[in-house]
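Take the sequence shown: its position 114, counting from 1, is numbered 118 in the working numbering, and each next residue is one higher.
Below you'll find the structure, written out as structure tokens, and then a few comments.
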Amino acid sequence: MQRSAGSRRRRRNTSRPFLGGAMAVIAAGALTVTGLVSTAQAADVNNAKNAGFESGLANWSCSAGSGATVSTPVRSGTSALKATPAGQDHAKCTQTVAVKPNSTYALSSWVQGGYAYLGVTGSGTTDVSTWTPGSTTWTKLSTSFKTGANTTSVTVYTHGWYGQSAYFADDVEVTGPDGGGGGDGPGPVIPAAPAGLTAGATTTSSVALSWNAVSGATGYKVYRDGVQATTSTGTSATVTGLAADTAYQFTVSATNAAGESVKSTAVSARTAKPGSGGPGPSVPKHAVTGYWQNFNNGAAVQKLTDVPADYDIIAVSFADATPTQGAVTFKLDSAGLGGYTDAQFRADIKTKQAQGKNVIISIGGELGTVRIDNDASATAFANSVYALMQDYGFNGVDIDLENGLNATYMTKALRQLSAKAGSGLVITMAPQTIDMQSTSGEYFKTALNIKDILTVVNMQYYNSGSMLGCDGKVYSQGSVDFLTALACIQLEGGLDPSQVGIGVPASTRGAGSGYVTPSIVNAALDCLTKGTNCGSFKPSKTYPSLRGAMTWSTNWDATAGFAWSKAVGPHVRSLP
5 MQRSAGSRRR RRNTSRPFLG GAMAVIAAGA LTVTGLVSTA QAADVNNAKN AGFESGLANW
65 SCSAGSGATV STPVRSGTSA LKATPAGQDH AKCTQTVAVK PNSTYALSSW VQGGYAYLGV
125 TGSGTTDVST WTPGSTTWTK LSTSFKTGAN TTSVTVYTHG WYGQSAYFAD DVEVTGPDGG
185 GGGDGPGPVI PAAPAGLTAG ATTTSSVALS WNAVSGATGY KVYRDGVQAT TSTGTSATVT
245 GLAADTAYQF TVSATNAAGE SVKSTAVSAR TAKPGSGGPG PSVPKHAVTG YWQNFNNGAA
305 VQKLTDVPAD YDIIAVSFAD ATPTQGAVTF KLDSAGLGGY TDAQFRADIK TKQAQGKNVI
365 ISIGGELGTV RIDNDASATA FANSVYALMQ DYGFNGVDID LENGLNATYM TKALRQLSAK
425 AGSGLVITMA PQTIDMQSTS GEYFKTALNI KDILTVVNMQ YYNSGSMLGC DGKVYSQGSV
485 DFLTALACIQ LEGGLDPSQV GIGVPASTRG AGSGYVTPSI VNAALDCLTK GTNCGSFKPS
545 KTYPSLRGAM TWSTNWDATA GFAWSKAVGP HVRSLP
């Protein structure tokens, strides 16, 4: 798979886009009030309540549900505000603050992330604001305002800007004479019990849990059969060290500086039997696979929950090689993905699995160099992939090694992984066309070697040039014949039809060459499964159980308005 047209991650453009006259007016307004900023007197107080968002969004109101509290990044304490502009909403969060008439107040807040604005309305004199075009570190916005003769309250606000990324805010201050609102407001109260506790993927020794966020909570405690098993700062956790084929009861409580909530309603879960059970939901008879990019290369940046329901298998791209030959690791590119946190990512995996989807980790890609050519590297691969499955809850692995592989040792690696994960393990492969021209090729041999545990081979029918079909004729990429005649090699070469999928780019920008319209993909699927809509090549028989289709990538699909998945997804589901 191509990670980008050029390099894996493009440098982000840090220059400020032109946002029109409104921004110029705001900036000018900010400049006119600089002379008003003054040092607060000793008797002054911070009149903002829940200024550090330690009590969730108490005392704050955010437009269109755009605001939430997060545990990272924070400037101080354990929480901060994250507000995300969407559509015509610029993520405005406000608080009404009690003030005294005829008084001067210093207004400030620490911000990070995308465009961030800080201001006040209803001052009775000149309303003020200030802004920053964004920062990767905490930056302090400061201004000041005077209240009118009859002003007893003002509205303090933060907001982002249309089409820009989320911003974070922390430690808001409205410092001046006590307006009678109680200073920083009451301290945190003991949070409510978490709701929605759900048991997800299980193995022989672990159970994955998730629950709903609780307002004001800074952490959670997870209990197994009444005894604390682990803690979490997010809304999910995996309890490990369990016995196989054993039932357990789990509860969770919410905590903050005020104390611990009562425990949630209990949920029961049983660990898998040794050598059986699956780490996730089964794959549908006909399935669509999509690669999700853990980097920004110009395609639409997505959270996992942004991936449409048309995708049954989501391949997270990519794991990275480690200094230990054969071993891999994974780290979410939070900065490149606009502040998408590791905790959100893990929770989103659980959400997708609860919807019946499989989320797997992809190994390799255009730039991936994972070498498995001896017993030690095969074991390192199996152990490291299984560790990622245990850590993140991945349902399996995708093999997308475009720099060659060794069938003997890749077979050993995948069989070792299968022995650890059980029969529910999802294994997909994405070879290039040249890799599947003959059963003597290392990729083809690997697929046949693991046929009893293989889920699907989604060959890449692009960046290829002309290739031989199963009838010995040469076919050029970009046609229905190229898809059907090359798929026929796999279908007649020993793979079960349920293990064959058609891999294509989601848009013209998704690959260097070989893009075909969704209608051609659907015609190829019809030709192979029903014998209809074929081109000049028509297979000698039909393959009704053909698995489906794959695309690179869900991000390029999103960039093109999801035209690919909207057309191919329903068609795959309608296959016989």
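Built from N, CA and C at the ideal position, the CB exists for glycine as well.
This structure is a prediction, so every number in the text was calculated from the model and none was measured.
Asked: Per DSSP, cross-strand counterpart(s) of Ile-365; Found: Val-320, Val-401
Asked: Closest by C-alpha distance to Phe-398, when choosing among Val-576, Leu-122, Thr-355; Found: Thr-355
Asked: Among Tyr-224, Thr-73, Ile-376, the one whose alpha carbon lies nearest that of Ser-240; Found: Tyr-224
Asked: Ordered list of beta strand (DSSP E) runs contained in the region 205–240, each at least 3 residues; Found: 211–214, 223–228, 231–236
Asked: Distance, Thr-100 Cα to Lys-289 Cα; Found: 56 Å
Asked: Extent of the continuous alpha helix (DSSP H) run through Asp-379; Found: 379–396
Asked: Continuous beta strand (DSSP E) stretch holding Thr-98: start and end; Found: 97–102
Asked: Ala-233 versus Glu-446, Ser-257, Thr-250, Ala-331, residue with shortest Cα-Cα distance; Found: Ser-257
Asked: Reduced DSSP category for Ile-194 - H, G, I as helix; E, B as strand; rest coil; Found: coil
Asked: CA-to-CA distance, Ser-80 to Gln-441, given in whole angstroms; Found: 59 Å
Asked: N- and C-terminal bounds of the alpha helix (DSSP H) containing Met-414; Found: 411–425
Asked: CB contact flag (Asp-485, Ser-540, <7 Å); Found: yes
Asked: Touch test, the region 377–393 against the region 148–165, Cβ-Cβ under 8 Å, three pairs minimum; Found: no
Asked: Cβ-heavy atom distance, Ile-493 to the ligand FMN, below 6 Å; Found: The ligand FMN is not part of this structure, which contains no ligands at all.
Asked: Residue(s) in a DSSP beta bridge with Met-463; Found: Ile-506
Asked: According to DSSP, residues forming a beta bridge with Met-433; Found: Ile-403, Val-461
Asked: Buried versus exposed call for Ala-319 [16 or more other C-beta atoms within 10 Å across all chains shown]; Found: buried
Asked: Straight-line gap, Tyr-171 to Ser-272 (C-alpha atoms, nearest Å); Found: 39 Å
Asked: Cβ-Cβ distance between Ile-431 and Gly-400 below 7 Å; Found: yes
Asked: Top-ranked residue by Cα proximity to Val-311, from Thr-558, Gln-92, Glu-58; Found: Thr-558
Asked: Extent of the continuous alpha helix (DSSP H) run through Val-176; Found: Per DSSP, Val-176 belongs to no alpha helix (DSSP H); it is in the beta strand (DSSP E), 171–180.
Asked: Per-residue DSSP class, three states only, for Thr-563; Found: helix
Asked: Backbone secondary structure at His-163 - three-state DSSP; Found: strand
Asked: Nearest residue (CA-CA) to Lys-86, options Asp-93, His-94, Thr-98, Ser-70; Found: Ser-70
Asked: Paired residues, beta bridge with Leu-111 - DSSP; Found: Thr-147, Val-178
Asked: Limits of the unbroken alpha helix (DSSP H) element including Val-525; Found: 522–534
Asked: Residues that Trp-135 bridges to, as DSSP identifies them; Found: Tyr-121
Asked: For Val-3, the three-state DSSP class (helix, strand or coil); Found: The first residue shown for the chain is 5 and the last is 580, placing residue 3 beyond what the model contains.
Asked: Buried/exposed call for Pro-181, threshold 16 Cβ in 10 Å; Found: buried
Asked: Reduced DSSP secondary structure (H/G/I, E/B, other) of Thr-155; Found: coil
Asked: Sufficient close CB pairs (3 or more, under 8 Å) joining the region 481–495 to the region 519–531; Found: yes
Asked: As assigned by DSSP and simplified to three states, the class of Leu-61; Found: coil
Asked: Cβ-Cβ distance between Asn-54 and Ala-62 below 7 Å; Found: yes
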